[in-house]
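A.B. asks:
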Amino acid sequence: MIETWADLNGECAALEQRMARLRAFLDVDQRRQRIGELEAVMSDPEFWNSQERAQRIIKEINNLRHPLTPLDALENGLRDLRAYVELLADTPEPESSTDFQDILRLCKDLQERTDDIELQSFLRGPHDSSNAIVTIHSGAGGTEACDWAEMVLRMYTRWAALRDFQCEIQDVQPGDEAGISRATFRLIGTNAYGYCKAERGVHRLVRISPFDANKRRHTSFCSVDVIAEIEDDEEVEISDEDLRVDTYRSSGKGGQHVNKTESAVRITHLPSGIVVTCQNERSQQKNRLAAIRVLRARIYEQQQDEKRSALEKFYGAKGEIGWGYQIRSYVFQPYQMVKDLRTGIETSNIQAVMDGDLDLFINGWLRAGCPSTRQSCVVID
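Residue 2 is where the sequence shown starts when you use the working numbering, and the numbers rise one by one after that.
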């Protein structure tokens with residue numbers, strides 16, 4: 002906490018050191034050089050002849066520019082902060098100056114912005130900038146688990162809204178009595194997969210069951226699987242001969258057109274046994290394209306799992322959705338606490354968490370050194 006003039010000077014120096022490390026870590030000069038090269042390509046009159054190539058180059062430019070804008074703004078803020086500090090350096094009692102509190106507020110703002118940029122710099126995985134495809138499965142606990150899975154789905158849709166991510170529900174299978182047994186949705190936004198991969202694992206709920214007439218405490222589980230959406234130009238070959246495509250009527254809520262035509266699509270990849278479904282669109286063709294996108298991502302993830310066979314496998318299809326596999330516990334009774342078992346981070350504000358305030362856990366996991374960024378995390382004093 003900054004209380005004295007000496008503390009403020011020390012924090013200015015610390016911020017400047019963090020900025021220098023960020024510039025080196027993000028290869029700012031190399032990024033600007035690559036942006037210049039791509040912009041030269043875009044100036045070619047024949048650039049738009051290939052829409053696919055043009056979109057790929059534009060996406061690369063946007064990804065390269067993404068950290069530079071806030072980094073430039075942060076550098077300008079640091080220069081202003083240093084200038085203010087130097088202006089008051091000759092004041093006999095700078096702490097009593099009316100400008101001191103304004104400088105402290107500016108310093109705190111720069112600290113928070115530096116934290117945000119550092120977190121984004123952790124997302125250096127090959128697909129961290131991609132969209133995410135998330136699947137929730139109910140686990141041990143019966144009706145309780147299905148209700149818990151629906152609560153988790155709501156939690157992530159609220160988190161996506163807070164993050165300004167677009168959320169597309171692709172498939173929802175209702176539970177026998179309440180809740181859902183499975184749901185798949187797509188998160189669209191910069192670094193959606195990079196952030197959301199922190200949620201991959203089993204989530205455990207402890208509460209007094211609303212379905213138990215005796216008001217006993219129950220424990221329920223659901224799994225969250227997160228994969229990166231793979232672009233069509235990735236090396237994932239899908240042959241039409243390897244696919245079995247089934248169509249059926251959507252199980253969504255009624256209305257005109259819904260449940261009247263076989264718009265829902267189920268695709269089975271015969272060599273791997275992977276099955277994906279999509280029924281959120283009213284058009285069978287759109288559902289088929291969405292299902293193929295999910296299938297491509299799942300095949301790619303399976304290939305990566307085979308390459309990482311020596312590493313620990315995740316839950317879900319690779320483990321049990323139950324005791325011993327949870328990454329986070331949500332306790333509603335007899336006390337209120339959400340605790341991440343990987344990082345030890347916990348909070349008693351369980352309502353905020355269920356309303357989508359997950360950054361405490363996601364950011365903590367990234368700072369602790371997630372598997373894909375452990376070798377590239379910025380050291381923070």
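Ideal Cβ placement from N, Cα and C applies to all residues, glycine included.
1) Could you have a look at V207 and say whether DSSP puts it in helix, strand or coil?
2) Go through the region 143-175 residue by residue and report every complete run of the alpha helix (DSSP H) that reaches 4 residues or more, in order.
3) Starting from the C-beta of I363, find all residues in its chain whose C-beta is less than 6 Å away, skip the five residues before and the five after it, and write them out in chain order.
4) Return helix, strand or coil for V354, following the three-state DSSP convention.
5) Helix, strand or coil: which one does DSSP assign to T92?
6) Per the contact definition of three or more C-beta pairs closer than 8 Å, is the region 92-104 in contact with the region 165-182?
7) Please report the Cβ distance between A229 and S131, rounded to the nearest whole angstrom; I am assuming they are in contact, meaning their Cβ atoms lie under 8 Å.
8) Spatial neighbours of S330 within its chain, please: CB distance less than 6 Å, with the 5 preceding and 5 following residues excluded, ordered by chain position.
9) Kindly confirm or deny that the region 205-215 and the region 180-194 touch, where touching means at least three C-beta pairs closer than 8 Å.
10) Taking A150 and I137 to be in contact with their CB atoms under 8 Å, please state how far apart those CB atoms are, rounded to whole angstroms.
11) Quick one: residues in its chain with C-beta nearer than 8 Å to the C-beta of E282, no 5 flanking neighbours on either side, listed in chain order?
12) Tell me the residue span of the beta strand (DSSP E) that contains T115.
13) As a quick exercise: from G37, F333, S51, pick the residue whose alpha carbon is nearest that of R218.
14) Assign T374 to one of three DSSP states: helix, strand, or coil.
15) Identify the continuous beta strand (DSSP E) that holds L244 and give its terminal residues.
C.D. replies: Quick look at the numbers:
1) strand
2) Whole alpha helix (DSSP H) segments, 4+ residues: 144-163.
3) Within the same chain, I363 has close Cβ partners Y196, A199.
4) helix
5) coil
6) Result no; under three Cβ-Cβ pairs closer than 8 Å.
7) 4 Å
8) Correct list, in chain order: R205, K340.
9) Contact between the region 205-215 and the region 180-194 is absent, because fewer than three Cβ pairs lie under 8 Å.
10) 5 Å
11) S264, N288, A291
12) Careful: T115 lies outside any beta strand (DSSP E), inside the alpha helix (DSSP H) at 101-122.
13) Checked all of G37, F333, S51; the closest Cα to R218 is F333.
14) Low per-residue confidence applies at T374: pLDDT is 41, beneath 50, and the placement is therefore not dependable, though the value from the model is reported in the following sentence. T374: coil per DSSP, three-state reduction.
15) 244-249 is the span of the beta strand (DSSP E), which, as asked, contains L244.
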